[in-house]
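**Q**
Residue numbers (the working numbering): 3 to 58.
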């Protein structure tokens, strides 16, 4: 009985912690991709300006 209870509490705490870590990682990855997309757009605009094409 005691062993079961001990395992249960630790198990669920760890599961919640792991889930939160995974969620945080997903959020940070999404943020990174968004930043990268912005950078790519800026680079594309800069190259267009260098070529001399009017930015529409």
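Note that beta-carbon positions come from the ideal geometry of N, C-alpha and C, so glycine has one too.
Roughly how many whole angstroms lie between the Cα atoms of residue 26 and residue 14?
**A** Residue 26 and residue 14: Cα-Cα distance of roughly 18 Å.
**Q** Residues in the same chain with beta-carbon distance under 6 Å from residue 24, minus the five sequence neighbours each way, listed in chain order, please.
**A** Excluding positions up to five away in sequence, the list is empty.
**Q** CA-CA distance, residue 38 and residue 49?
**A** Near 16 Å, if we compare the C-alpha coordinates of residue 49 and residue 38.
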